[in-house]
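Chemist: Heads up: the sequence shown is residues 198 to 806, going by my numbering.
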Amino acid sequence: MCGIIGYIGDKDVVPILLEGLKKLEYRGYDSAGMTVLEGDELVTLKKAGRIAEFEEVVNNKKPNGTCGMAHTRWATHGAPTTDNAHPHTGCNDEIVVVHNGIIENFNALRRKLETEGHEFSTDTDTEVLAHLIEHFFEGNLEDAVRKALRRVEGTYGLVVMSAKDPEKIVAAKLGSPLVLGLANGDYFVASDVSAIVVHTRQVIYLDDGEMLTITRGNYTTTDLDNIEIFKDISEVTLDIKEIQKGGYPYFMLKEIMEQPVSITNTMRGRLLRGEGTAKFGGLNLTGEELKSIERIVITACGTSWHAALIGEYMIEELVRIPVEVEYASEFRYRDPVIGENSLVIAISQSGETADTLAAMREARNKGAKVMGIINVVGSAIAREADGGIYIHAGPEIGVASTKAFTSQITALALFTLLLGRLKGEISRDKGRKIIKELEKIPSLVREILEGNDRILELAKLYSGHSNFLYLGRGYNFPAALEGALKMKEISYIHAEGYPAAEMKHGPIALIDENMPVVCIAVRGPVRQKVLSNIQEVKARHGQVIAITNPDDAELEKLADHVITVPETIPALSPLLTSVPLQLLAYHVAVLRGCDVDKPRNLAKSVTVE
């Protein structure tokens with residue numbers, strides 16, 4: 198979840214490292230540090246807080262060199278203090294380490310090293326790596342790293358330097374992403390291509406169990422047995438403008454506003470209007486294999502889990518095969534039953550989510566076909582899945598997911614369409630009608646976004662509240678869950694989502710005149726049921742904010758506030774009802790003085806369990 202950037206070449210390393218940290222800050226932002234090889238000494242600087250605070254420390258010290266590494270942290274072991282910030286060193290400060298991941302056996306390793314005279318100065322698991330590498334160091338850094346990693350249990354994206362083996366960077370990966378960038382004799386190593394794309398588009402993605410040794414003008418990749426591995430060079434197509442705010446105050450608002458484009462990009466080239474179906478280039482499943490699927494398990498975390506729930510509703514209604522949605526963090530630990538004709542779908546924006554990746558591997562070990570729905574090309578899930586769907590949402594920098602969520606729903610709708618047509622559950626005419634509705638969605642989202650000022654005024658009325666309740670039914674129950682998650686993630690207001698009918702089985706006890714209740718009540722099969730639930734809220738003096746379609750006179754009389762969204766078919770309605778909930782959470786958070794792009798305690802890419 199942390200950000201790593203390293204460089205060796207002929208340029209001043211400090212500006213490169215600082216700019217890389219700024220690009221990576223969304224991955225972790227409670228502290229930062231860097232190490233620069235200055236002459237024959239390693240100069241290490243660290244500071245708790247945001248990158249801007251750390252930059253002041255660097256500008257005051259002005260280290261000078263052409264080789265170094267830096268890190269921005271999301272705390273796992275140890276509080277976010279300057280001492281606990283990376284890089285970490287061994288006893289003699291000659292081995293320096295930055296690390297993303299968790300060393301699960303660090304306590305046992307630490308106790309063993311302490312008996313041999315090593316003294317520790319931080320609360321982190323990473324410091325163990327520095328001492329362990331120091332313990333094995335005999336003049337060659339990569340040999341010491343290799344020996345140390347054989348004793349490590351856990352995950353790591355690791356970058357190491359040594360004053361005793363200078364002009365060299367060693368990196369290794371197991372579970373946490375690392376990428377090498379190549380640029381005319383300059384070499385970059387990072388946890389995310391966004392940190393290096395301004396310098397190069399030629400990259401090599403490390404796979405688990407691989408090590409990278411970079412010296413001036415050369416690099417080698419090996420496994421932990423020191424067998425050389427020849428890696429293909431990939432071309433990064435990322436547009437630099439996509440990782441800039443483009444005039445918006447926050448990335449989150451920019452990404453909310455980009456949804457008409459991101460949804461369009463998810464559909465682009467995939468709709469077969471005449472046949473009433475969809476096509477994908479990378480599923481790697483034949484038509485016969487798709488038709489043989491008898492059960493689907495979707496595994497995901499957080500916002501992606503909410504998208505998965507919507508996919509469950511779609512597939513069961515329109516394809517008529519059973520679907521189960523599993524929290525990835527639970528899936529791998531409960532010995533799930535996976536049949537021969539089961540398909541497991543792993544959904545992850547980053548493609549690196551540790552729990553989702555582990556769940557996918559568990560499914561593969563049980564013989565399931567595994568498909569990914571992801572946003573990041575070259576990510577671990579992309580490389581390890583049997584096939585999958587890129588959502589093409591573009592980089593999502595804001596920690597709270599918005600455009601990736603609606604693109605995931607869109608991808609699931611297209612997959613449902615394809616599967617339903619293959620299995621004969623969706624006729625050609627019905628498929629054409631679904632496509633017609635899908636193609637309207639981007640312009641309908643744009644229409645909702647034009648009502649942003651109205652939602653801002655509503656946010657002003659409710660930004661001082663401490664609790665919110667979100668209610669929905671059918672397809673819009675997951676939309677209610679996602680709306681509540683957005684509110685709690687970025688505004689720190691306690692918010693809960695519930696199926697509307699479940700309110701009277703407990704949460705109704707919370708409702709009084711101080712409780713805002715957001716009710717999704719668009720037209721559809723369950724609308725009258727939701728209206729009855731709203732009546733129950735009003736009977737207890739709750740304040741109702743209703744998401745509904747235009748010209749709903751009955752609801753306008755009943756609710757305290759109404760936000761309208763255009764009408765569509767029930768299966769696609771979450772693509773519209775989610776948008777005003779994103780805007781409501783955004784505006785409430787800004788009004789409360791929160792940093793919506795970097796909410797406390799969260800990070801964008803959760804690469805640890």
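We put the beta carbon where it would ideally sit given N, CA and C, even for glycine.
Straight-line CA distance for Val516 to Ala608?
Modeler: Whole-angstrom Cα-Cα distance: 15 Å.
Chemist: How many Å lie between Gly471 and Gly414 at the Cα?
Modeler: Taking the straight line from one Cα to the other gives about 55 Å.
Chemist: Which value, in whole angstroms, describes the spacing of the CA atoms of Ile645 and Leu218?
Modeler: Approximately 35 Å, taken between the alpha carbons.
Chemist: Measuring alpha carbon to alpha carbon, tell me which residue in Met712, Ala743, Ile690 is nearest Cys791.
Modeler: Residue Ile690 is the option with its Cα nearest to Cys791.
Chemist: Please list, in chain order, all residues of the same chain as Gly336 whose beta carbon is under 8 Å from its beta carbon, the five residues on each side excluded.
Modeler: Excluding residues within five positions, the ones whose Cβ falls inside 8 Å are Lys361, Asp362.
Chemist: Are the beta-carbon atoms of Ile205 and Cys264 separated by less than 9 Å?
Modeler: It is a contact, given that the beta carbons lie within the stated cut-off.
Chemist: Please specify which runs of the alpha helix (DSSP H), each continuous and at least 4 residues long, are wholly inside the segment 610-652, giving them in chain order.
Modeler: Taking only runs of at least 4 residues, the alpha helix (DSSP H) segments lying wholly in the segment 610-652 are 625-646.
Chemist: Just to confirm the assignment, what range does the beta strand (DSSP E) spanning Met511 have?
Modeler: Looking at the DSSP string, Met511 is not in any beta strand (DSSP E); the run it does join, the alpha helix (DSSP H), is 499-515.
Chemist: Quick one: grab the DSSP three-state call for Gly378.
Modeler: In the structure shown, Gly378 sits in a strand (DSSP, three-state: E or B).
Chemist: Glu733 CB to nearest chain D CB: under 9 Å?
Modeler: As a matter of chain content, chain D is missing from the structure shown, which is built from one protein chain.
Chemist: Using beta-carbon positions only, say whether Val840 and Thr352 come within less than 9 Å of one another.
Modeler: Residue 840 lies beyond the range of the chain shown here (198 to 806); nothing can be said about it.
Chemist: Thinking just about the alpha-carbon of each residue, which of Gln779, Glu634, Lys566 is nearest to the one in Ser598?
Modeler: Taking only the C-alpha atoms, the option nearest Ser598 is Gln779.
Chemist: Do Ala229 and Ile213 count as a contact pair if the criterion is CB distance below 9 Å?
Modeler: Going by C-beta atoms, Ile213 is not nearer than 9 Å to Ala229.
Chemist: Could you check if Thr553 is buried or exposed, using at least 16 other CB atoms within 10 Å of its CB as the buried criterion?
Modeler: Classification for Thr553: buried.
Chemist: In chain order, which alpha helix (DSSP H) runs of at least 4 residues are fully inside the segment 509-561?
Modeler: Counting whole runs of 4 or more residues, the segment 509-561 contains the alpha helix (DSSP H) stretches 525-528.
Chemist: Excluding five sequence neighbours on each side, which residues of the same chain lie with their C-beta closer than 7 Å to the C-beta of Thr397?
Modeler: Closer than 7 Å at Cβ, skipping near neighbours: Gly378, Leu379, Ala380, Phe385.
Chemist: Helix or strand or just coil, what does DSSP make of Glu316?
Modeler: Coil.
Chemist: Going by DSSP in three states, Glu364 sits in which element: helix, strand or coil?
Modeler: Residue state, collapsed to three classes: coil.
Chemist: Grouping DSSP H, G and I as helix and E and B as strand, with all else coil, what is Glu764?
Modeler: Coil at Glu764, not helix or strand.
Chemist: May I ask you to verify whether the segment 661-672 touches the segment 702-719, counting CB pairs closer than 8 Å and requiring at least 3?
Modeler: Enough Cβ pairs lie closer than 8 Å, so yes.
Chemist: Could you tell me the distance, in whole angstroms, from the CA atom of Gly473 to the CA atom of Glu514?
Modeler: Answer to the nearest angstrom: the Cα atoms are 17 Å apart.
Chemist: Measure the beta-carbon distance from Val367 to Leu403 and round it to whole angstroms, keeping in mind my assumption that it falls under 8 Å.
Modeler: That pair is no contact at about 12 Å.
Chemist: Determine the extent of the beta strand (DSSP E) in which Met231 is found, giving its start and end residues.
Modeler: Looking at the DSSP string, the run of the beta strand (DSSP E) that includes Met231 is 228-235.
Chemist: On the DSSP bridge list, what partners appear for Cys716?
Modeler: Paired residues: Leu668, Ala743.
Chemist: How is Asp420 classed by DSSP in three states: helix, strand or coil?
Modeler: Asp420: strand per DSSP, three-state reduction.
Chemist: Look at Leu234 and Met358 and say whether their C-beta atoms are less than 9 Å apart.
Modeler: Yes, they are a contact pair.
Chemist: Please name the residue or residues paired with Val270 in a DSSP beta bridge.
Modeler: Reading off the sequence shown, one finds Arg at residue 270, where the question assumed Val. Note: Arg270 sits in a beta bridge opposite Ser228.
Chemist: Tell me whether Ile393 is buried or exposed, calling it buried when 16 or more other Cβ atoms sit within 10 Å of its Cβ.
Modeler: Buried is the call here.
Chemist: To the nearest angstrom, report how far apart Ala787 and Gly575 are at their CA atoms.
Modeler: Contrary to the premise, residue 787 reads as Val rather than Ala in this sequence. Roughly 34 Å between the two C-alpha positions.
Chemist: Does the Cβ of Lys451 have 16 or more other Cβ atoms within 10 Å, making it buried, or fewer, making it exposed?
Modeler: Buried, because 16 or more other Cβ atoms sit within 10 Å of the Cβ of Lys451.
Chemist: If distances are taken between C-alpha atoms only, which option among Asn798, Thr273, Thr278, His268 comes closest to Pro284?
Modeler: Pro284 has its Cα closest to that of His268, out of Asn798, Thr273, Thr278, His268.
Chemist: Among residues of its own chain, excluding the 5 on either side of Ser391, which ones have a beta-carbon nearer than 6 Å to its beta-carbon?
Modeler: The answer, listed in chain order, is Lys220, Ile440.
Chemist: Who are the near neighbours of Ile652 in its chain, counting only those whose CB is closer than 7 Å to its CB and skipping five residues on each side?
Modeler: The residues are Ile760, Pro777, Leu780, Leu781, His784.
Chemist: How big is the Cα-Cα spacing for Leu215 and Gly739?
Modeler: Distance between the alpha carbons of Leu215 and Gly739 is about 49 Å.
Chemist: Classify Asn462 as helix, strand or coil using the three-state DSSP reduction.
Modeler: Here Asn462 sits in helix by DSSP.
Chemist: Within its chain, find whatever has a CB closer than 7 Å to the CB of Tyr659; leave out the 5 residues flanking it on each side and keep chain order.
Modeler: Closer than 7 Å at Cβ, skipping near neighbours: Pro713, Val785.
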